[in-house]
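As structure tokens, the structure follows; a few thoughts come after it.
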Amino acid sequence: MKSNQRFEDLGFVGFFFNRRRNGETLHRRNPPILPPLRPRSRLKPSFDALLAHTFQNPNPNSLPLALAILQQSLRSGCLPAPQTRLSLSAAWLRRRRRGASVAAALTDMRSVGSGSGYRPDVGTCNYLVECLCKVDELDEAGRVLGEMGRVGCDPDSESYGLVVGGMCGARRAGEAVRLVREMVGAGVVPRQGTAARVVAAMRADGDVGRAVEVVDGLEREGIRVGFEGYEGLVEGCVEMGEFVLGSRVLGEMVERGFVPYVRVRQRLVEGLVGVGEVELACFVRQKLGEVRS
Numbered sequence: 001m002k003s004n005q006r007f008e009d010l011g012f013v014g015f016f017f018n019r020r021r022n023g024e025t026l027h028r029r030n031p032p033i034l035p036p037l038r039p040r041s042r043l044k045p046s047f048d049a050l051l052a053h054t055f056q057n058p059n060p061n062s063l064p065l066a067l068a069i070l071q072q073s074l075r076s077g078c079l080p081a082p083q084t085r086l087s088l089s090a091a092w093l094r095r096r097r098r099g100a101s102v103a104a105a106l107t108d109m110r111s112v113g114s115g116s117g118y119r120p121d122v123g124t125c126n127y128l129v130e131c132l133c134k135v136d137e138l139d140e141a142g143r144v145l146g147e148m149g150r151v152g153c154d155p156d157s158e159s160y161g162l163v164v165g166g167m168c169g170a171r172r173a174g175e176a177v178r179l180v181r182e183m184v185g186a187g188v189v190p191r192q193g194t195a196a197r198v199v200a201a202m203r204a205d206g207d208v209g210r211a212v213e214v215v216d217g218l219e220r221e222g223i224r225v226g227f228e229g230y231e232g233l234v235e236g237c238v239e240m241g242e243f244v245l246g247s248r249v250l251g252e253m254v255e256r257g258f259v260p261y262v263r264v265r266q267r268l269v270e271g272l273v274g275v276g277e278v279e280l281a282c283f284v285r286q287k288l289g290e291v292r293s
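Residue numbers for the sequence shown follow full-length UniProt numbering, beginning at 1 and rising by one.
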């Protein structure tokens with residue numbers, strides 16, 4: 001779709017701009033605020049102006065319009081201005097407080113434009129989820145994630161990763177683990193960084209044993225956890241004095257071609273010797289020697 005065609009499809013553009021046929025120049029109704037815009041050559045400032053004007057509109061039904069503009073902006077490769085995150089999350093929460101369900105608030109996009117209007121897509125929903133996570137509305141972000149499939153756009157690894165990352169940052173590791181298991185059950189493969197964040201959150205809670213179980217479960221499903229995830233597990237085991245468990249994790253780590261940092265493996269070997277597991281400490285040293293050779 002050509003860039004100028006996108007603006008023609010947005011039947012509401014005339015609400016914001018007066019169009020001059022000579023040169024196809026679009027002018028804001030308040031010239032001192034914004035210079036003349038030519039959407040075909042200046043898509044980003046055009047979309048930013050549309051979004052800013054829409055969010056300033058006191059009409060409580062302006063959210064569908066904002067979502068439609070946002071969708072076109074993202075599809076055009078134009079990342080919205082940073083302040084859009086706060087404006088969108090505020091508009092969304094106002095709409096929800098007025099009693100609209102998540103599905104209804106999203107599908108109201110269909111009322112914009114001609115024909116069947118606009119439909120929610122993964123990119124638009126992911127941006128909304130990111131906005132909600134940025135303002136610590138993690139529960140609401142989780143609700144949007146849970147309703148995405150019902151409005152016709154199944155969540156992807158980014159959708160889950162945004163909420164999982166937010167939960168981990170808020171020390172809500174249990175909910176993060178639940179979401180990881182949910183996404184794996186839905187056939188969505190987590191990004192390597194997602195598993196590492198979950199391990200870090202569980203390690204911060206002192207729940208390293210359960211973190212090992214989560215990683216084992218991911219590996220059984222054929223999902224590679226990555227170096228950072230295993231390194232975090234070994235460090236967590238050492239911190240909690242779980243040296244025997246740490247040696248098992250280190251063994252699995254080495255089998256996958258990962259070599260832990262020198263300081264971590266030294267502390268693990270010293271810890272094993274300290275609890276009387278001298279033979280196991282020697283085995284770990286031998287295993288590490290084989291990898292380095």
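C-beta atoms are modelled at their ideal positions from N, C-alpha and C, and glycine is treated no differently.
None of the values given here were measured: they were computed from a predicted structure.
Compare the Cα-Cα distances from residue i to each of the options and report the closest residue.
i, options, result
"Pro260", "Val238, Gly274, Val273", "Val238"
"Tyr118", "Leu106, Leu128, Tyr127", "Leu106"
"Arg256", "Ala195, Gly113, Glu219", "Glu219"
"Arg181", "Tyr127, Val122, Arg96, Val214", "Val214"
"Ser46", "Glu277, Leu70, Tyr127, Val273", "Leu70"
"Met167", "Asp136, Ser101, Ala281", "Asp136"
"Pro80", "Arg267, Ala49, Arg248", "Ala49"
The alpha helix (DSSP H) with residue i in it runs from where to where?
i, result
"Leu218", "208 to 220"
"Arg263", "262 to 274"
"Ile69", "63 to 75"
"Tyr230", "227 to 239"
"Phe258", "It is not in any alpha helix (DSSP H) - Phe258 carries neither H nor E in the DSSP assignment."
"Met109", "That residue, Met109, is in no alpha helix (DSSP H); it is neither H nor E in DSSP."
"Cys168", "157 to 169"
"Val180", "173 to 185"
"Glu201", "What sits at residue 201 in the sequence shown is Ala, not Glu. It spans 192 to 204 - the alpha helix (DSSP H) in which Ala201 sits, taken as one unbroken run."
"Ala91", "83 to 97"
"Pro45", "43 to 56"
Give me, in chain order, the residues of the same chain whose beta-carbon lies closer than 6 Å to that of residue i; leave out the 5 immediate sequence neighbours on both sides.
i, result
"Arg85", "Cys131, Lys134"
"Ser62", "Thr54"
"Val291", "Val254, Val259"
Who are the Cβ neighbours of residue i in its own chain at under 8 Å, not counting the five residues just before and after it?
i, result
"Gly271", "Val238, Gly241, Phe243, Gly246"
"Glu231", "Met253, Phe258, Pro260, Tyr261, Val264"
"Gly185", "none"
Which residues in the same chain as residue i place their Cβ atom closer than 7 Å to its Cβ, once the five residues preceding and following it in sequence are excluded?
i, result
"Ala211", "Val199, Met202, Arg203, Leu233, Gly236"
"Val189", "Ser157, Ile223"
"Asn111", "The displayed chain sequence assigns Ser, not Asn, to residue 111. So the list reads Pro64, Gly117, once near-sequence residues are dropped."
Under 8 Å by Cβ, that's how I've got residue i and residue j pegged, so tell me the actual separation to the nearest angstrom.
i, j, result
"Ala196", "Glu228", "4 Å"
"Asp205", "Ala173", "5 Å"
Enumerate, from N- to C-terminal direction, the unbroken alpha helix (DSSP H) stretches of 4 or more residues contained entirely within the UniProt repeat "PPR" (121 to 155). Listed in chain order, they are 122 to 134, 138 to 147.
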